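Enquirer: Heads up: the sequence shown begins at 68 in my numbering, then just goes up one per residue. Backbone N, C-alpha and C define an ideal beta-carbon position, used for all residues, glycine too. Note that the coordinates shown come from a computational prediction; the quantities given were computed from them, not determined experimentally.
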Amino acid sequence: MSKLRLKIRKAIETDLHDIVSVWKRNIKTINTASDIADLFHSFEKYFFVAVYTDTADTKRFEDEEKVIGFVGGTIRSGQGHISGIAVDKEYRMKGVGKLLLKVVSAEFLADGLDIVTLEARKSDTSAIRFYEKQGYKRSYIVKKYYADGEDAIVHEKKI
Ligand SMILES: CC(C)(COP(=O)(O)OP(=O)(O)OC[C@H]1O[C@@H](n2cnc3c(N)ncnc32)[C@H](O)[C@@H]1OP(=O)(O)O)[C@@H](O)C(=O)NCCC(=O)NCCS
């Protein structure tokens, strides 16, 4: 018998490979693994992962962790910024994304950063609905922000 348990924890170097995989699987981006690694190394304390732990009742093996989501926070223009957030498809709509935003926001706030910004693709109504449910408000549009020419809607929240 085994029991699945969800945990949100700080990301560490050995999570980087999984973060890149989750990022590239779920987010339409031109960011390369090396771009993501650069962000991670500059802002490691604002990166968190959501992991499922398969707690086996035999103690012979280490508990197995599976990274199913992440949030990558950064600091931009002196404010907290969400550079990437994703949860693997089969684990969505269970409150994981909300928890990830909550923990990174608490980390920003602890560092005196009480405004958090993020960009969303203009066409990405799912992500926009998710962010707005978490209290993010539309701030302004950046024309052709994305490499494929799509506009970004910058959102902002006072935490
Ligand atoms: C956006 C994303 C991270 C949300 O993760 P999630 O774990 O499914 O979100 P949660 O289950 O925590 O949802 C939190 C709230 O947002 C709502 N929500 C989540 N996804 C939604 C969607 N697609 N449409 C409408 N509402 C949505 C939930 O209903 C929930 O509402 P509640 O607080 O009233 O219960 C996830 O859908 C994802 O990885 N998408 C692909 C990557 C992406 O778009 N990233 C953001 C742009 S970089």
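1. Hey, T81 and F110 are a contact pair by Cβ (cut 8 Å); roughly how many whole angstroms apart?
2. Relative to the C-alpha of I103, which candidate in H84, T120, D121 and I208 has its C-alpha closest?
3. Please state if the CB of G147 and the CB of K94 are separated by a distance shorter than 8 Å.
4. Leaving out five residues on either side along the sequence, give the residues of the same chain with a beta carbon under 7 Å from the beta carbon of K112.
5. What does a CB cutoff of less than 6 Å around Y203 pick up in its chain, not counting 5 residues either side in sequence?
6. Which one of T99, A177, L73 and A100 has the shortest CA to CA distance from E131?
7. Look at the Cβ atom of V118, then the Cβ atom of V134, and state whether they are nearer than 8 Å.
8. Skipping 5 residues on each side, what residues in its chain have a beta carbon closer than 7 Å to that of R205?
9. What are the start and end residues of each continuous beta strand (DSSP E) run of 3 or more residues lying completely inside the stretch 91-141, in chain order?
10. Where DSSP assigns a beta bridge to T184, which residues make up the other side?
11. Any heavy atom of ligand 1 inside 7 Å of the beta-carbon of R143?
Expert: To lay it out plainly:
1. Taking the first residue of the sequence shown as position 1, residue 81 is located at position 14. Taking the first residue of the sequence shown as position 1, residue 110 is located at position 43. Not a contact, Cβ separation roughly 17 Å.
2. Here residue 103 refers to the residue found at position 36 of the sequence shown. Closest option to I103, Cα to Cα, is H84.
3. As a position in the sequence shown, residue 94 is number 27, starting the count at 1. As a position in the sequence shown, residue 147 is number 80, starting the count at 1. Here residue 94 is Ile; the residue named in the question, Lys, does not match the sequence. Their beta carbons are not under 8 Å apart, which means I94 does not touch G147 by this criterion.
4. By 1-based counting over the sequence shown, the position of residue 112 is 45. Cβ-Cβ distances below 7 Å link K112 to E174 in the same chain, with the five nearest sequence neighbours on each side left out; the list follows chain order.
5. Start at 1 with the first residue of the sequence shown, and residue 203 comes out as number 136. For Y203, where only same-chain residues beyond five positions count, the Cβ hits under 6 Å are H222 and K224.
6. Mapped onto the sequence shown, residue 131 falls at position 64. Shortest Cα-Cα distance from E131 to any of T99, A177, L73 and A100 involves L73.
7. The residue given as residue 118 occupies position 51 in the sequence shown. The residue given as residue 134 occupies position 67 in the sequence shown. The answer is yes: Cβ separation under 8 Å.
8. Residue 205 sits at position 138 when you count from the first residue of the sequence shown. I220 and H222, listed in sequence order.
9. Here the runs fully enclosed are 114-123.
10. In the sequence shown, counting from the first residue as 1, residue 184 sits at position 117. T184 is bridged to H148 and E223.
11. Here residue 143 refers to the residue found at position 76 when the sequence shown is read from its first residue. Checking every heavy atom of ligand 1 against the Cβ of R143, none is found closer than 7 Å.
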